[in-house]
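Engineer: In UniProt numbering, the protein residues as written are 1 to 187.
Every residue, glycine too, gets a C-beta built ideally from N, C-alpha and C.
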Amino acid sequence: MKQPGDRTPAPGQLALVQDLLNTVDIEADRDRLRTIAELAAFAAAHGSAGLTFTDSDVTETRRFREALRDACRGHTGSRVPAASAAVLRYTLGTAPLVLTIDDAGAARAVPAARLDGSAALIATVAAAILDAVAAETWPRLKSCAAHRCQWVYYDHSPAGRGRWCTMSICGSRAKMRAYRAGRAARG
Numbered sequence: 001m002k003q004p005g006d007r008t009p010a011p012g013q014l015a016l017v018q019d020l021l022n023t024v025d026i027e028a029d030r031d032r033l034r035t036i037a038e039l040a041a042f043a044a045a046h047g048s049a050g051l052t053f054t055d056s057d058v059t060e061t062r063r064f065r066e067a068l069r070d071a072c073r074g075h076t077g078s079r080v081p082a083a084s085a086a087v088l089r090y091t092l093g094t095a096p097l098v099l100t101i102d103d104a105g106a107a108r109a110v111p112a113a114r115l116d117g118s119a120a121l122i123a124t125v126a127a128a129i130l131d132a133v134a135a136e137t138w139p140r141l142k143s144c145a146a147h148r149c150q151w152v153y154y155d156h157s158p159a160g161r162g163r164w165c166t167m168s169i170c171g172s173r174a175k176m177r178a179y180r181a182g183r184a185a186r187g
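1. Secondary structure at leucine 97, three-state DSSP: helix, strand or coil?
2. Are alanine 95 and valine 125 touching if we call contact CB-CB under 9 Å?
3. Look at leucine 14 and leucine 141 and say whether their C-beta atoms are less than 9 Å apart.
4. For the 8 Å Cβ check, are there 3 or more pairs between the stretch 109-129 and the stretch 9-26?
5. Would you list the residues sitting across from aspartate 31 in a DSSP beta bridge?
6. To the nearest angstrom, how far is the alpha carbon of proline 81 from that of aspartate 70?
7. DSSP three-state label for arginine 73, please.
8. Please say whether threonine 54 and isoleucine 36 have beta carbons closer to each other than 9 Å?
9. For arginine 121 and arginine 65, which I take to be in contact (beta-carbon distance under 8 Å), what is that distance rounded to the nearest angstrom?
10. Look at the alpha carbon of leucine 97 and the alpha carbon of alanine 185, and state the distance between them as a whole number of angstroms.
11. Nearest CA to the CA of arginine 161: which residue from Gly74, Arg63 and Ala41?
12. Report the three-state DSSP secondary structure of leucine 115 (helix, strand or coil).
13. If you measure between the beta carbons of threonine 61 and serine 143, is that distance less than 9 Å?
14. Could you tell me whether the Cβ atoms of threonine 137 and alanine 40 are closer together than 9 Å?
15. Using DSSP's beta-bridge definition, name the partner residues of alanine 109.
16. Could you give the C-beta distance for leucine 99 and alanine 107, rounded to a whole number, given that I count them as a contact under 8 Å?
17. Round the Cβ separation of alanine 43 and leucine 51 to the nearest angstrom and send it over; I've been treating them as touching at under 8 Å.
Laid out in structure tokens, this is it:
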């Protein structure tokens, strides 16, 4: 998925999480997960072709997506709303994962066998998040601090202190608002 400011997407499976979160464009008021067909197309484009979805799967996936976006907003210093934290605790806490060890001895969480619908997709996302936590990359997946944007980006900055999806758009707007507010306060 094309990133604002031509940012490099998140590494590895964290790109799946980023893509899921960016299926909604808040600034343009577009959501690409409104229907069963759109959810199935997203899953197929991310290696999960053949899953069967229902209307409740669409609702569950969208609810999970929005709670997860709030968690990424937390990576920029905002508090995660209690309702979103509860959704994530329940949804991720019930995601059926199993631990596998490959022939090189590397351990990894993967979705349990025979899952379908949103359970399969959410378990895949949960496994990607666990991989990112282990790789210490999870805190770098952030939601743009601009309230009208909220695009989820991967912070590649050395210090990991980025706040905006792109400095040239959202960062500049925020700095200009702060400058104008400061001038107005001074009279």
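Structural biologist: Let me spell this out:
1. Indexing the sequence shown from 1 puts residue 97 at position 97. Reduced to three states, the DSSP call for leucine 97 is strand.
2. Your numbering for residue 95 matches position 95 in the sequence shown. Your numbering for residue 125 matches position 125 in the sequence shown. A contact, by the Cβ cut-off of 9 Å.
3. As a first step, residue 14 is located in the sequence shown; it is residue number 14 there, counting from the start. As a first step, residue 141 is located in the sequence shown; it is residue number 141 there, counting from the start. Yes, these two residues count as a Cβ contact at 9 Å.
4. yes
5. For this step, residue 31 is matched to residue 31 along the sequence shown. According to DSSP, aspartate 31 bridges with Val24.
6. What you label residue 81 is simply residue 81 of the sequence shown in a count that begins at 1. What you label residue 70 is simply residue 70 of the sequence shown in a count that begins at 1. When rounded, the distance between both Cα atoms is 7 Å.
7. Looking up residue 73 in the sequence shown gives position 73. Reduced to three states, the DSSP call for arginine 73 is helix.
8. The residue you call residue 36 lines up with position 36 of the sequence shown. The residue you call residue 54 lines up with position 54 of the sequence shown. Yes, the Cβ-Cβ distance between isoleucine 36 and threonine 54 is below 9 Å.
9. By one-based count along the sequence shown, residue 121 stands at place 121. By one-based count along the sequence shown, residue 65 stands at place 65. Checking the sequence shown, residue 121 turns out to be leucine, not arginine. Not a contact, Cβ separation roughly 10 Å.
10. Along the sequence shown, read from residue 1 onward, the residue named residue 97 stands at position 97. Along the sequence shown, read from residue 1 onward, the residue named residue 185 stands at position 185. Taking the straight line joining both Cα atoms gives about 54 Å.
11. Taking the first residue of the sequence shown as 1, we reach residue 161 at position 161. The candidate whose alpha carbon is nearest that of arginine 161 is Gly74.
12. In the sequence shown, counting from the first residue as 1, residue 115 sits at position 115. DSSP places leucine 115 in coil when its eight states are reduced to three.
13. Within the sequence shown, the letter at position 61 stands for residue 61. Within the sequence shown, the letter at position 143 stands for residue 143. Cβ atoms of threonine 61 and serine 143: not closer than 9 Å.
14. Numbered from its first residue, the sequence shown carries residue 137 at position 137. Numbered from its first residue, the sequence shown carries residue 40 at position 40. In this structure, alanine 40 does not lie closer than 9 Å to threonine 137 by Cβ.
15. Sequence index remark: in the sequence shown, residue 109 carries index 109 (1-based). In the DSSP output, where bridge partners are listed per residue, alanine 109 has Leu99.
16. Sequence index remark: in the sequence shown, residue 99 carries index 99 (1-based). Sequence index remark: in the sequence shown, residue 107 carries index 107 (1-based). About 6 Å; that satisfies the 8 Å criterion.
17. The residue you call residue 43 lines up with position 43 of the sequence shown. The residue you call residue 51 lines up with position 51 of the sequence shown. Contact holds; Cβ gap of about 5 Å.
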